[in-house]
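A.B. asks: Residue numbers (this note's numbering): 1047 to 1164. For each residue, glycine too, the CB sits at the ideal point set by N, CA and C. The structure is given below, and queries will be raised subsequently.
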Ligand code: ATP
Ligand code: MG
């Protein structure tokens, strides 16, 4: 039976730190199937559209600069209950609040450079 799908991307901090392999391993070990994946980068303009929901936030300009600062690895993942289970795997937005053993607790540098998109 096919599960549900969720979109994610490994963010520039985690790719440049060489943590993408470890993160992909955690995703697979948690039972997600990788449906599609590539290494690419976003322009500042594309990052601005992607995070348009946050356009009025004070961190929007820094966020779109950061998200266009280096390579990213977007992926489409599949699993039963994928959206909810993926949020549990990555942990809270702020790594200081992320549960022990989550991807953000292990790999995020800061609330902005937080390793992965959920
Ligand atoms: P994402 O949407 O990337 O999966 P999220 O849903 O956990 O993360 P959002 O509230 O949607 O968090 O914020 C989007 C992104 O904006 C965060 O992942 C982080 O990179 C950045 N961000 C959020 N809050 C702050 C903040 N207070 N200061 C700086 N950057 C922030
Ligand atoms: Mg979000």
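#1: Using only the heavy atoms of the ligand MG, determine whether one of them is closer than 7 Å to the beta carbon of residue 1094.
#2: I think residue 1072 touches residue 1118, with their Cβ atoms under 8 Å apart; what is that distance to the nearest whole Å?
#3: List the whole-angstrom C-beta distance separating residue 1114 from residue 1090, where the pair is believed to meet the contact cut-off of C-beta under 8 Å.
#4: Using a Cβ-based criterion (distance less than 7 Å to any ligand heavy atom), does residue 1157 qualify as near the ligand ATP?
#5: Nearest by alpha-carbon distance to residue 1050: which of 1137, 1081, 1059, 1066 is it?
#6: Alpha carbon to alpha carbon, what distance is there between residue 1161 and residue 1235?
#7: What are the boundary residues of the beta strand (DSSP E) that residue 1141 is part of?
#8: Taking 8 Å as the threshold (C-beta atoms), are residue 1159 and residue 1150 in contact?
#9: Would you mind reading off the limits of the beta strand (DSSP E) that contains residue 1082?
#10: Less than 7 Å between the CB of residue 1049 and some heavy atom of the ligand MG, yes or no?
#11: Taking 7 Å as the cut-off, is the CB of residue 1164 close to at least one heavy atom of the ligand MG?
C.D. replies: According to the structure data:
#1: Working through the chain shown from its first residue, we reach residue 1094 at position 48. Not so, every heavy atom of the ligand MG lies at least 7 Å from the Cβ.
#2: On the chain shown, residue 1072 is found 26 positions in, with the first residue counted as 1. On the chain shown, residue 1118 is found 72 positions in, with the first residue counted as 1. The Cβ separation is near 17 Å, so there is no contact.
#3: Working through the chain shown from its first residue, we reach residue 1114 at position 68. Working through the chain shown from its first residue, we reach residue 1090 at position 44. About 4 Å separates the two Cβ atoms, so the contact holds.
#4: Translated into positions along the chain shown, residue 1157 becomes position 111. True, at least one ligand heavy atom lies under 7 Å from that Cβ.
#5: By 1-based counting over the chain shown, the position of residue 1050 is 4. The option with the nearest alpha carbon to residue 1050 is 1081.
#6: Here the chain has residues from 1047 to 1164 only, and residue 1235 is not among them.
#7: Numbered from 1 along the chain shown, position 95 holds the residue referred to as residue 1141. No beta strand (DSSP E) holds residue 1141; DSSP gives it neither H nor E.
#8: Position 104 of the chain shown, counting from 1, holds the residue named residue 1150. Position 113 of the chain shown, counting from 1, holds the residue named residue 1159. Taking 8 Å as the Cβ cut-off, residue 1150 and residue 1159 do not qualify as a contacting pair.
#9: For the purposes of this step, residue 1082 is taken as residue 36 along the chain shown, with counting starting at 1. That run of the beta strand (DSSP E) goes 1079-1083.
#10: Residue 1049 sits at position 3 when you count from the first residue of the chain shown. No.
#11: The count along the chain shown starts at 1 and reaches residue 1164 at position 118. Checking every heavy atom of the ligand MG against the Cβ of residue 1164, one is found closer than 7 Å.
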